[in-house]
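Here the sequence shown is numbered in the numbering used here, starting from 1130 and rising by one per residue.
Here a beta-carbon is modelled for each residue, glycine too, at the ideal position from N, C-alpha and C.
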Amino acid sequence: SGELVTHYLDWQGILAFSRGGIGGSGANGWVANAGNGVFGGGAGMVTVDGSWDIYTGLNNSSGIYAESLGGEGGEGGEGFTFGSGGGGGGSGNGNTVSVTSRGNIFTWGDYSNGIFAHSVGGFAGGGGSSYGIVGYGGSGESAGHGGIVNVVSLGTIDTRGAYSHGHVAQSIGGGGGSGGPAGGVVSVGGQGASGGNGGTVTVTNNGAITASGQHARGIFAQSVGGGGGDGGDSAAIVAVGGAGSGTSDG
C-alpha cells in the first residue's frame, strides 16, 4: 500500500517475476549417439495484491508488471559419422499469474501499461543435426504451456502514451522444438514437436479506464497456443525428411 513513483526508463511501479531455469544442451557424438537436451524448469506462481497509487513517468514503465515464464529446453547435441543427433529438451510451463489492484495507476510514457500480466510456456529445444555415413536428426520436444492469468482492478487506470493499454492479460504457449537436419548416404530428418497450450485469461474491471495514447486499448486480453516445430531437412542418396507438428490450442 502507499504511493509509488518512478521517473526512469524501463522502471515499473511494481515488478513481480518468476522464470524457470534454462535446460542444458546435449553433448556431440562422433561415433556414438549425441546427448539429449535437458528439460527447462517450470516457473513459479506470481501474485500481486494491494492498495496503492502508482505513477510512472517514462517509456516502457508499466504500473504493475507480473510475469511467469517457463524455462527453455536445451538443444540436442550433433551427431557425426554414425551418431544420431540428440533429442531436444522439453520446456517448463508458465504458472498462474494473479493481480488484484485496489488502488489507482497512472502512466505517461509509451509502451507503459497500467497492468501487464503474462504467463508464457518455455520454448522447447530442437533436435540435434546428424551428418555422416548414416545420419538421423534428433527430434524436437514438446513445449511448455501458458498458465492461468487473472486480473482484478478496483481503481482508476489512466495511461497517456502510445501502445500503453489499461490492462494487458495474456497466456501464451511455447513453441515446439524443430527436428534436426540430417545428411549422409542414408539420412532421416528429425520430427518436430507440438507447441504448448495457452491458458485461461480473465479480466475483471470495476474502475474507470482511460487509454488516450495512439494504438492504446482499455483492455487487451488473449490466450495463444504455441506453434509446432518444423521437421528436419534431409539430404542424401536415400533421404527422408522429418515430419512437422501442428499448433496447439489457445
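Simplified DSSP assignment, three categories, for residue i
i: residue 1140; result: coil
i: residue 1371; result: Reliability of the predicted coordinates at residue 1371 is poor, the pLDDT of 43 falling under 50, and the value obtained from them is presented with this limitation in mind. Reduced to three states, the DSSP call for residue 1371 is coil.
i: residue 1154; result: coil
i: residue 1268; result: coil
i: residue 1349; result: strand
i: residue 1135; result: strand
i: residue 1253; result: coil
i: residue 1145; result: strand
i: residue 1260; result: strand
i: residue 1365; result: Confidence at residue 1365 is low in this model, with a pLDDT of 48, below 50, so its placement is unreliable and no value can be given for it.
i: residue 1376; result: Confidence is the limiting factor: at residue 1376 the pLDDT is only 45, short of 50, which leaves the residue's position unreliable, though a coordinate-based value still follows. Note: residue 1376 maps to coil in three-state DSSP.
Bounding residues of the beta strand (DSSP E) (the contiguous stretch that carries residue i)
i: residue 1236; result: 1233 to 1236
i: residue 1339; result: 1338 to 1340
i: residue 1246; result: 1244 to 1249
Of the listed residues the options, nearest to residue i (C-alpha basis)
i: residue 1299; options: 1218, 1338 and 1195; result: 1195
i: residue 1282; options: 1332, 1166 and 1294; result: 1332
i: residue 1151; options: 1193, 1191 and 1220; result: 1220
i: residue 1294; options: 1342, 1188, 1143 and 1321; result: 1342
i: residue 1198; options: 1340, 1334 and 1328; result: 1328
i: residue 1397; options: 1202, 1216, 1177 and 1158; result: Outside the shown range of the chain, which is 1130 to 1379, sits residue 1397, and nothing can be said about it.
i: residue 1240; options: 1340, 1358 and 1302; result: 1340
i: residue 1275; options: 1148, 1269 and 1143; result: 1148
i: residue 1231; options: 1280, 1131, 1284 and 1242; result: 1284
i: residue 1296; options: 1334, 1356, 1155 and 1214; result: 1334
i: residue 1139; options: 1271, 1193 and 1162; result: 1193
i: residue 1310; options: 1237, 1358 and 1288; result: 1358
i: residue 1172; options: 1224, 1142, 1355 and 1189; result: 1224
i: residue 1351; options: 1344, 1326 and 1338; result: 1326
For residue i, the residue or residues it bridges with in DSSP
i: residue 1230; result: 1179 and 1282
### Message
Quick check on the DSSP output: what are the complete beta strand (DSSP E) runs of length 3 or more inside the region 1270 to 1336, in order along the chain?
### Response
1278 to 1282, 1286 to 1288, 1296 to 1301, 1311 to 1317 and 1330 to 1334
### Query
At which residue ranges does the region 1147 to 1216 contain complete beta strand (DSSP E) runs of 3 or more residues, listed in the order of the chain?
1175 to 1179, 1181 to 1185, 1193 to 1198 and 1208 to 1210
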